[in-house]
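Student: The structure that follows is given in the form of structure tokens.
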Ligand SMILES: [Zn+2]
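Residue numbers (this note's numbering): 73 to 155.
Set out below in structure tokens:
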């Protein structure tokens, strides 16, 4: 499983993944930023029935997901020109 983490989207610091495997099928992997309070998790409450590797994969995918939105170039087309 690829657990390479992109830098924190808020402050750019490196992030780390911690995987906690509890009792009673409870798994709690989380990612936290080393430089700010940003933190993300999936656990067996948000993904019932999931196993630790599934949860880790999900949280890594979410952490690494970035907006596809590109900065706007130039002014917006004015309304009414699209006829
Ligand atoms: Zn951060």
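All C-beta atoms, glycine included, are put in the ideal place defined by N, C-alpha and C.
Taking only runs that begin and end inside the stretch 85 to 145, name each unbroken beta strand (DSSP E) of 3 or more residues, in chain order.
Tutor: Runs of the beta strand (DSSP E) inside the stretch 85 to 145: 87 to 93, 99 to 105, 111 to 113.
Student: To the nearest angstrom, how far is it from the Cα of residue 123 to the Cα of residue 86?
Tutor: Residue mapping note: residue 123 aligns to position 51 of the chain shown, counting from 1. Residue mapping note: residue 86 aligns to position 14 of the chain shown, counting from 1. Those two C-alpha atoms are separated by around 26 Å.
Student: Between residue 106 and residue 80, what straight-line distance do the alpha-carbon atoms span, to the nearest angstrom?
Tutor: Along the chain shown, one-based indexing puts residue 106 at 34. Along the chain shown, one-based indexing puts residue 80 at 8. So the two alpha carbons sit approximately 8 Å from each other.
Student: When you compare each of 75, 89, 147, 99 to residue 121 by their alpha carbons, which one comes out closest?
Tutor: Indexing the chain shown from 1 puts residue 121 at position 49. Cα-wise, what sits closest to residue 121 is 99.
Student: At a cut-off of 7 Å, is residue 100 close to ligand 1 when judged by its beta-carbon and the heavy atoms of the ligand?
Tutor: Translated into positions along the chain shown, residue 100 becomes position 28. No - ligand 1 has no heavy atom lying nearer than 7 Å to the Cβ of residue 100.
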